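Working notes, beginning with the structure itself.
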Amino acid sequence: MRMNEQISLLICKHLVGSITEDEQRQLDEWRQRSPYNEKVYQRLHDNERLLVEHHRAQLADYQRPLADMKRQLAIGRRRQWPRWMAAAAIVLLLIGVGVYWQRAVRDVSPRHQEALAELIVPGTTQATLTLSSGETIQLDNDTLYPLHHSSAAARPIASAEAVPLHQLATPRGGEFRVVLEDGTEVWLNADTRLRYPEVFNGAERRVEVEGEAYFKVAKNSEHPFIVSSGGQEVRVYGTEFNVHAYPGETAIYTTLVEGSIALRLADEHDSSRELMLTPDHQSMFDVQSSTFNVKPVDTDVVTSWRSGVFVFEEQTLEQIMRTLSRWYDFDYEFGDRQTAETVFMGSIPKYGSFSEVCDIFHKLGGIHLRQQGRKVTITAK
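Here this note's numbering runs 98 ahead of the position in the sequence shown, where the first position is 1.
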């Protein structure tokens, strides 16, 4: 049995409580052999991360991407896409959790560890909290800090008084989850800003978001929850939905997972002009024309960033690189526009190394990613 397989087995035995004393000694020796080994061991004992990996494996089932590829090629023929675009609609996939385990537990020499440290790496749990007073606090996975203070709830806020807002911001290469004062949970993707009051004290529970965030809103039929992003507002009472609203992009995407939500222009006060969205549908708000367009979507695909994998459907390579560059925090350029406009579909592991991402594009898509520091140039072979 190879070393990585043996260690995988020992970790599995430890997790289920069937490891012997001799096997435990072997596992402890392996953990002490390098800091990298110990980090892998700790990550595989993180229950939330294990759930993420399990969900990622389900999303990355090879049968679905293959079926998607066939469907995409068929659509391409119907739409009479250029031959180069249809031929490039490939599948980018993670082949099960086994790849993660097998690569994660491999022995790495100190020299290799130093080289890995210099590579572009996936994001981590991190954010900056800016209080309404101007004080800033750095948050990470080990930080315990109250993001609201119940003592403020006793003071009613006059309608004409400006409500002081906190801001929670994730950088490029960061993600964070926060529970607001009313119990609403918000997951922030990379390069995202959430502005919210310390306490919801009024007829509405109103927040602002720039970037991408997933909301699980606490139910309260008397106090609607309002999410303002760009030129649109989302009104909900208790539901789950995803908002993709990065500054500089031409559209804002709102995807409903369950419940119902109403969308309207930010300056629109006539409730009869609201657009109602039903589950498994996505609204695209055109920033320039201020118009809405609705279509059915697979919500697992849209919200896959929360589950340890990026799933792409009918997206250009430029759109994909925009997403990856936020998470891995790198700059990029294309060798030519044709490569940037190539349409891909499939999945890429969110917590995999950047070298694995490059390998996927290179081996399965004929796309070469050349790295120089934090700059990546994308060309076709």
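Where is the CB? At the ideal position from N, CA and C, for every residue including glycine.
Just so it is clear, the structure is predicted and the values come from calculations on it, not from any experiment.
In this structure, how does DSSP classify residue i when only helix, strand and coil are distinguished?
{"i": "R304", "result": "strand"}
{"i": "P262", "result": "coil"}
{"i": "H466", "result": "strand"}
{"i": "L455", "result": "Leu is not the amino acid found at residue 455; the sequence shown has Val there. Note: V455 maps to helix in three-state DSSP."}
{"i": "P220", "result": "coil"}
{"i": "S106", "result": "helix"}
{"i": "R270", "result": "coil"}
{"i": "E121", "result": "helix"}
{"i": "Y351", "result": "strand"}
{"i": "V277", "result": "strand"}
{"i": "D205", "result": "Because the pLDDT of D205 is 41, which lies under 50, any placement of that residue in the model is unreliable, and the question is left without a value."}
{"i": "V325", "result": "strand"}
{"i": "A213", "result": "With a pLDDT of only 46 at A213, under the threshold of 50, the placement of this residue in the model should not be trusted; the figure read from the coordinates follows. Reduced to three states, the DSSP call for A213 is helix."}
{"i": "S116", "result": "coil"}
Round the Cβ separation of residue i and residue j to the nearest angstrom and send it over; I've been treating them as touching at under 8 Å.
{"i": "L108", "j": "E119", "result": "Contact flag wrong, Cβ pair sits at about 12 Å."}
{"i": "K314", "j": "E283", "result": "4 Å"}
{"i": "V441", "j": "T414", "result": "6 Å"}
{"i": "M374", "j": "A364", "result": "17 Å between Cβ atoms; not a contact."}
{"i": "T223", "j": "E273", "result": "6 Å"}
{"i": "G357", "j": "G336", "result": "6 Å"}
{"i": "L229", "j": "H264", "result": "6 Å"}
{"i": "V355", "j": "P377", "result": "6 Å"}
{"i": "A349", "j": "M382", "result": "5 Å"}
Name the DSSP beta bridge partners of residue i, please?
{"i": "N391", "result": "M382"}
{"i": "K314", "result": "E283, E338"}
{"i": "I235", "result": "L227"}
{"i": "L361", "result": "V332, L373"}
{"i": "A438", "result": "According to DSSP, which records beta bridges pairwise, A438 is partnered with nothing at all."}
{"i": "K473", "result": "D429, Q470"}
{"i": "P345", "result": "Per DSSP, none; premise fails for P345."}
{"i": "R291", "result": "A267, E308"}
{"i": "E356", "result": "E338"}
Tell me whether residue i is buried or exposed, calling it buried when 16 or more other Cβ atoms sit within 10 Å of its Cβ.
{"i": "V277", "result": "exposed"}
{"i": "P262", "result": "exposed"}
{"i": "N135", "result": "buried"}
{"i": "H460", "result": "exposed"}
{"i": "P394", "result": "exposed"}
{"i": "T234", "result": "exposed"}
{"i": "V474", "result": "buried"}
{"i": "L217", "result": "exposed"}
{"i": "P220", "result": "buried"}
{"i": "Q380", "result": "buried"}
{"i": "S116", "result": "exposed"}
{"i": "Q330", "result": "buried"}
{"i": "R371", "result": "exposed"}
{"i": "D289", "result": "buried"}
{"i": "N391", "result": "exposed"}
{"i": "C456", "result": "buried"}
{"i": "N239", "result": "exposed"}
{"i": "K479", "result": "exposed"}
{"i": "T353", "result": "buried"}
{"i": "R123", "result": "exposed"}
{"i": "R303", "result": "buried"}
{"i": "T437", "result": "buried"}
{"i": "G232", "result": "exposed"}
{"i": "E338", "result": "buried"}
{"i": "A301", "result": "exposed"}
{"i": "R424", "result": "buried"}
{"i": "G450", "result": "buried"}
{"i": "T421", "result": "buried"}
{"i": "S405", "result": "buried"}
{"i": "P447", "result": "buried"}
Determine, for residue i, whether the minimum Cβ-Cβ distance to residues of chain D falls below 7 Å.
{"i": "V455", "result": "Absent from the structure is chain D; it holds one protein chain and no more."}
Query raised in the report: Which full runs of the beta strand (DSSP E) of 3+ residues lie inside the region 395-436, going along the chain?
Result: 407-414, 429-432
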